[in-house]
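Participant: The structure follows.
There are 2 protein chains.
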Amino acid sequence: MKQSFGEYIRKLRTEMGFTLTQLGAKLDLDSANLSKIENGKRDFDEKRLKKMAEVFNLNFDELKTEFFSDLFAKKIYESNCSTDALSVAEEKVKYLKQINVKQEKLNLK
Amino acid sequence: MKQSFGEYIRKLRTEMGFTLTQLGAKLDLDSANLSKIENGKRDFDEKRLKKMAEVFNLNFDELKTEFFSDLFAKKIYESNCSTDALSVAEEKVKYLKQINVKQEKLNLK
DNA sequence: TTAGACTTGTCAATATTTGACAAATATAAA
DNA sequence: TTTATATTTGTCAAATATTGACAAGTCTAA
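Chain order of the listed sequences is A and B.
With the working numbering, letter number 104 in the first sequence gets 104, and the count goes up by one each step, no holes.
With the working numbering, letter number 84 in the second sequence gets 84, and the count goes up by one each step, no holes.
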C-alpha cells in the first residue's frame, strides 16, 4: 500500500506475467502510455478502474482507495500542503453527506 | 472548518463587508464567477490562493489546507470512495518524501 | 544480431476549465 | 411602488489540460 499507483499496476502486471501490450489491450490502452503510467509520467484514467478490477480480480472499492489515495498524496506533495488537509477532508465528507441527507428529506416533501 | 470552501469565502467576504464585485476586483475575478464559486458551482482556482491569503490576511498554509481538503472531500463524495483513501494518502505522502530524499542524495554524487 | 519488451518524445484530437458578458432575479433604500 | 445595487444563472469562445496514437529510441535475453 505504500507504493505509487503506477508501481502497483506494474506489480500486478508482472505477477500475472503480462506484457505492457497484453495488459494495454485488456485495458484498451496503448502500451507506450501504459508504460508512462507505470512510471508515473501519466495518470491512470479513472474510467478504466472498473475494467482493471475485473482484469486483476480486485475489489473495486479497494482499488478506488488505492487510486484516489495516490491522487491526494501527489497533490499534497506537489503543492507542499500540510497533511492536515486529509483529516479536514474527512470532516468535510461527513458534512457533504449530511447536507445530502437534508436535501433528500426536502425533496420528499 | 466544516463548511465548503465556497461558504468559507462567502463568510470572509461578508465579514469584511465586501460585495462580490469588490472582492472579485481584488482577486482578479468576475463577480458572476465568484458568485458561482461561493455557491459551489465552480471551483476556486489554486493560483488565486496567495492573493486570497493576502486580502484576508490569512496564513497561507492554513488556507491551502482549507482549499485542498475541500478538493479531496468532493472527490471522495462524488466517486463514492471510502475515506480510507485519506489515511492511505498520508502513508503515500511519506513514501513520496522518502523517495525524494533518496533522489537528492543520488543527485549529490 | 535479432525479436520482443519497454521507454521516450511528440502532436493532433478531445475534453475540461476559464474569463467574459448578457440577462434574470433578489434586496433594500428612497 | 420605482430605482439602484447586489447576486445569480446561462452561455460561449478562448485558453488549458488530457488523451490516444504513432514513431523512434533503448534495453534485454535468446
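Yeah, the Cβ is synthetic: ideal placement off N, Cα and C, and Gly gets one too.
Starting from serine 31 of chain B, follow the alpha helix (DSSP H) in both directions and report where the run begins and ends.
Facilitator: Unbroken alpha helix (DSSP H) run through serine 31 of chain B: 31-38.
Participant: Got a sec? Which residues, its chain only, sit under 8 Å from cysteine 81 of chain B by beta carbon, not counting five neighbours each side?
Facilitator: Within the same chain, cysteine 81 of chain B has close Cβ partners Lys75.
Participant: When Cβ atoms are compared, which residues of the segment 19-35 of chain B fall closer than 9 Å to chain A?
Facilitator: Going along the segment 19-35 of chain B in chain order, one finds no residue with a Cβ nearer than 9 Å to chain A.
Participant: CA-CA distance, methionine 16 of chain B and leucine 49 of chain B?
Facilitator: Spanning the two alpha carbons is a distance of roughly 17 Å.
Participant: Does the count of Cβ pairs from the segment 3-10 of chain B and the segment 38-52 of chain B closer than 8 Å reach three?
Facilitator: Yes: the two stretches touch, three or more of their Cβ pairs being nearer than 8 Å.
Participant: What is the DSSP secondary structure of phenylalanine 44 of chain A, counted as helix, strand or coil?
Facilitator: In the structure shown, phenylalanine 44 of chain A sits in coil (DSSP, three-state: anything other than H, G, I, E or B).
Participant: Kindly indicate if chain B contains any beta-carbon less than 9 Å away from that of alanine 73 of chain A.
Facilitator: Closer than 9 Å to some Cβ of chain B, the Cβ of alanine 73 of chain A qualifies, so yes.
Participant: Thinking alanine 85 of chain B and phenylalanine 56 of chain A are a contact (beta carbons under 8 Å), I'd like their distance in whole angstroms, please.
Facilitator: 19 Å between Cβ atoms; not a contact.
Participant: Put threonine 19 of chain A into one of helix, strand or coil per three-state DSSP.
Facilitator: Coil, per DSSP.
Participant: Is the beta carbon of phenylalanine 72 of chain B sitting closer than 9 Å to the one on phenylalanine 72 of chain A?
Facilitator: Yes; because the gap between Cβ atoms is below 9 Å, this pair is in contact.
Participant: Assuming leucine 27 of chain B contacts methionine 52 of chain B under a Cβ cut-off of 8 Å, what Cβ separation, rounded to an integer in Å, is found between them?
Facilitator: Confirmed, about 6 Å.
Participant: In the DSSP assignment, the alpha helix (DSSP H) including aspartate 70 of chain A goes from what residue to what residue?
Facilitator: From DSSP, the alpha helix (DSSP H) with aspartate 70 of chain A extends over 60-79.
Participant: Taking the straight line between their C-alpha atoms, what separation do you get for threonine 65 of chain A and serine 87 of chain A?
Facilitator: Answer to the nearest angstrom: the Cα atoms are 16 Å apart.
Participant: Say whether chain B places a C-beta atom closer than 9 Å to the C-beta of alanine 53 of chain A.
Facilitator: Answer no: the Cβ-Cβ gap between alanine 53 of chain A and chain B never drops below 9 Å.
Participant: So leucine 96 of chain A packs on tyrosine 77 of chain B, CB below 8 Å; how close in whole Å?
Facilitator: 5 Å between Cβ atoms; contact.
Participant: Identify, in the order they occur along the chain, each residue of the same chain with its Cβ nearer than 6 Å to the Cβ of isoleucine 37 of chain A, setting aside the five sequence neighbours on each side.
Facilitator: For isoleucine 37 of chain A, where only same-chain residues beyond five positions count, the Cβ hits under 6 Å are Gly6 and Phe44.
Participant: Buried or exposed: which applies to aspartate 70 of chain B, given that a residue is buried once 16 or more other Cβ atoms fall within 10 Å of its Cβ?
Facilitator: So aspartate 70 of chain B ends up on the buried side.
Participant: If we ignore side chains and look at the alpha-carbon of each, how far apart do leucine 12 of chain A and arginine 10 of chain B end up?
Facilitator: Distance between the alpha carbons of leucine 12 of chain A and arginine 10 of chain B: 46 Å.
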